[in-house]
Amino acid sequence: MSSLLTLLFAPSFLLLIHYFAFEQVVILYIIFSLLLLFYAYQKKKKFEDFVVLGIYVVLLSVAYFYASIDIVKFIPVFTTMAFFTLFAEATLHKKELILKLTQKFYKKELSNAEVEYLKLGDIYWSISILIYMFIQIGLVFFATDELWALYSSLGWYVYFLIVLGFQIIYGKFYAIKMSA
Numbered sequence: 222m223s224s225l226l227t228l229l230f231a232p233s234f235l236l237l238i239h240y241f242a243f244e245q246v247v248i249l250y251i252i253f254s255l256l257l258l259f260y261a262y263q264k265k266k267k268f269e270d271f272v273v274l275g276i277y278v279v280l281l282s283v284a285y286f287y288a289s290i291d292i293v294k295f296i297p298v299f300t301t302m303a304f305f306t307l308f309a310e311a312t313l314h315k316k317e318l319i320l321k322l323t324q325k326f327y328k329k330e331l332s333n334a335e336v337e338y339l340k341l342g343d344i345y346w347s348i349s350i351l352i353y354m355f356i357q358i359g360l361v362f363f364a365t366d367e368l369w370a371l372y373s374s375l376g377w378y379v380y381f382l383i384v385l386g387f388q389i390i391y392g393k394f395y396a397i398k399m400s401a
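Everything in the sequence shown is counted per my numbering, starting at 222 for the first residue and increasing by one.
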């Protein structure tokens with residue numbers, strides 16, 4: 222649910238402020254975010270959904286108060302910060318989040334070398350998400366609104382696939398063979 226919102230948010234926001242007043246669009250998104258929060262509560266969704274939607278409500282409210290699109294442009298940055306915090310905390314407390322996710326979706330038995338490699342996945346994703354966050358901050362300050370909207374919606378998915386690809390290729394052809 223929150224991933225659909227993050228995918229569509231930036232381009233639809235820019236499209237709507239082209240045709241409607243900034244304040245009207247912000248109010249619309251605040252109402253929509255509150256409805257999604259209520260829905261998430263009713264359906265007992267993941268904590269992540271509440272955090273992402275909460276970020277939207279808070280920053281949209283501040284953007285409305287200051288009538289600033291620059292604050293709106295920081296919403297994807299704060300969402301990324303939430304994910305960075307999740308992976309950084311997993312790294313610091315050795316929760317092995319990537320290993321657990323892999324075991325959940327990959328039904329084959331993992332070798333000892335694969336398990337050891339995946340235990341380091343949290344730090345890899347923490348660093349990758351931090352780099353992505355800095356790219357987003359740069360786009361907020363230096364990119365056109367259209368480039369910001371494109372990158373804030375589709376850019377994350379492209380970046381995610383590239384980073385995931387590097388992790389898989391490095392693991393298959395180098396890291397796992399090294400520790401085996």
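Cβ coordinates follow ideal geometry from the N, Cα and C atoms, glycine included.
Once the 5 residues before and after residue i are set aside, which same chain residues still bring their CB inside 6 angstroms of it?
i, result
"G392", "Y338"
"L320", "L339, K340"
"L237", "V246"
"Y380", "Y353"
Does the beta-carbon of residue i have 16 or more other beta-carbons within 10 angstroms, so that it is buried, or is it exposed?
i, result
"T306", "exposed"
"F355", "exposed"
"F234", "buried"
"D407", "As shown, the chain starts at 222 and ends at 401. That puts residue 407 outside it, with no answer to give."
"Y372", "buried"
"L382", "exposed"
"G386", "exposed"
"A242", "exposed"
"I296", "buried"
"Y250", "buried"
"Q388", "buried"
Is the separation between the beta-carbon of residue i and that of residue j shorter than 8 angstroms?
i, j, result
"V247", "Y287", "no"
"I352", "T301", "no"
"A309", "S282", "no"
"A303", "V273", "yes"
Excluding the 5 residues preceding and the 5 following residue i in the sequence, name in chain order all residues of the same chain whose CB lies nearer than 8 angstroms to its CB.
i, result
"W369", "A231, K294, L360, V361"
"L229", "S374"
"A364", "Y372"
Can you list, in chain order, the residues of its chain whose CB lies under 7 angstroms from that of residue i, leaving out five sequence neighbours each side?
i, result
"V298", "M354, Q357, I358, V361"
(message) Pairs of beta-carbons, one from the segment 275-282 and one from the segment 244-262, closer than 8 angstroms: are there three or more?
(response) In short, these stretches touch, since the Cβ pair count reaches three.
(request) State whether the segment 309-324 contacts the segment 332-349, with contact taken as three or more CB pairs (one from each stretch) at a distance under 8 angstroms. (result) Cβ pair count under 8 angstroms is three or more, so yes.
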